[in-house]
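Peer 1:
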Amino acid sequence: MIKIENLSKSYGDKQVLNTIDLKFKKGKVYGIVGENGAGKTTLFRCISGLENYKGNISYDSNNLKDHLGLLLTEPFFFSKITGKEYIQLLANSRQIKLSNIEDKNIFDLPLKQYASTYSTGMKKKLALTAILLQKNDVFILDEPFNGVDIQSNLIITDIIKKLKELQKTVIISSHIFSTLADTCDEIFLMKNGEIVKKVEQIDFNKLESEMKEFSIENRIDKLELK
Numbered sequence: 001m002i003k004i005e006n007l008s009k010s011y012g013d014k015q016v017l018n019t020i021d022l023k024f025k026k027g028k029v030y031g032i033v034g035e036n037g038a039g040k041t042t043l044f045r046c047i048s049g050l051e052n053y054k055g056n057i058s059y060d061s062n063n064l065k066d067h068l069g070l071l072l073t074e075p076f077f078f079s080k081i082t083g084k085e086y087i088q089l090l091a092n093s094r095q096i097k098l099s100n101i102e103d104k105n106i107f108d109l110p111l112k113q114y115a116s117t118y119s120t121g122m123k124k125k126l127a128l129t130a131i132l133l134q135k136n137d138v139f140i141l142d143e144p145f146n147g148v149d150i151q152s153n154l155i156i157t158d159i160i161k162k163l164k165e166l167q168k169t170v171i172i173s174s175h176i177f178s179t180l181a182d183t184c185d186e187i188f189l190m191k192n193g194e195i196v197k198k199v200e201q202i203d204f205n206k207l208e209s210e211m212k213e214f215s216i217e218n219r220i221d222k223l224e225l226k
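Residues in the sequence shown are numbered from 1 upward in steps of one, following UniProt numbering.
1. With distance defined between alpha-carbon atoms, name the residue in I20, I202, K168, D108 nearest to F43.
2. Pick helix, strand or coil for Q15, following the three-state DSSP scheme.
3. Measuring alpha carbon to alpha carbon, tell me which of L68, T41, G34, F107 ends up nearest I159.
4. Buried or exposed, going by whether 16 or more other CB atoms sit within 10 Å of the CB of L111?
5. Indicate whether the contact test is met: 3 or more Cβ pairs, each with one atom in the stretch 92–100 and one in the stretch 166–182, closer than 8 Å.
6. Short of 7 Å in beta carbon distance, which residues of its chain neighbour residue 232, apart from the five on each side in sequence? Order them along the chain.
7. With a 10 Å radius around its C-beta and 16 neighbouring C-beta atoms as the bar for buried, classify Y59 as buried or exposed.
8. Helix, strand or coil, according to DSSP, for F78 in the structure here?
9. Quick one: what's E51 bridged to in DSSP?
The following block contains the structure:
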């Protein structure tokens with residue numbers, strides 16, 4: 001289990017996260033939703049150890065970073081590394097021996113091509129493949145469906161369901177609410193760096209309606225369209 005207590009993060013005078021308390025259990029899929037700037041990515045970066053923060057993040061094992069696969073919204077790739085070399089690099093970082101990488105290329109990526117030349121969706125699929133092959137216990141997926149084709153979205157959804165079956169901990173952010181409703185056990189709503197609501201599956205439709213009313217209908221009314 002991952003336990004987050006009084007997590008806060010500031011950049012200068014700007015408070016990005018404010019006293020967040022969360023628990024993430026094994027075998028569960030959690031969604032984090034909120035408008036741009038709500039603090040979702042910063043929260044993920046803190047959990048992953050990429051940011052300094054105030055508060056406490058604990059994990060059943062000693063070092064969460066050694067068990068965590070992070071999929072960033074825009075994964076970074078060295079300019080002269082092929083898709084196959086990237087997968088091998090991430091496997092080496094976990095001391096995982098891989099054979100027949102081509103057979104594990106479920107997204108049919110051009111693995112001999114430089115990853116930096118991939119499209120946005122291809123980069124995301126490559127990064128996801130690499131962290132899956134690391135055999136991690138925790139997965140943080142920041143907008144995994146964004147910029148990815150429909151067929152791949154279906155595959156990613158099934159991957160998340162399989163990770164849950166394998167008792168992994170999965171934390172996802174997405175602007176596509178339906179993808180979260182299909183996979184998540186609980187969804188947390190973030191606003192201005194705080195968790196303002198926790199919703200379980202039975203109330204997902206209600207949360208979606210509330211979000212639409214708040215973020216869409218009221219804004220459109222301000223245009224006074226006629």
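All C-beta atoms, glycine included, are put in the ideal place defined by N, C-alpha and C.
Peer 2: According to the structure data:
1. Here residue 43 turns out to be Leu, not Phe, going by the sequence shown. Of the candidates I20, I202, K168, D108, the one whose C-alpha sits nearest the C-alpha of L43 is I20.
2. Three-state DSSP puts Q15 in a strand.
3. Proximity to I159 across L68, T41, G34, F107 peaks at F107, based on C-alpha coordinates.
4. The residue in question, L111, is buried, as its Cβ has 16 or more Cβ neighbours within 10 Å.
5. Cβ pair count under 8 Å is below three, so no.
6. This structure leaves residue 232 out entirely; the chain is present only between 1 and 226.
7. The Cβ neighbour count for Y59, taken over all protein chains shown within 10 Å, is at least 16; the residue is labelled buried.
8. In the three-state DSSP reduction, F78 falls in the coil class, being neither helix nor strand.
9. According to DSSP, which records beta bridges pairwise, E51 is partnered with nothing at all.
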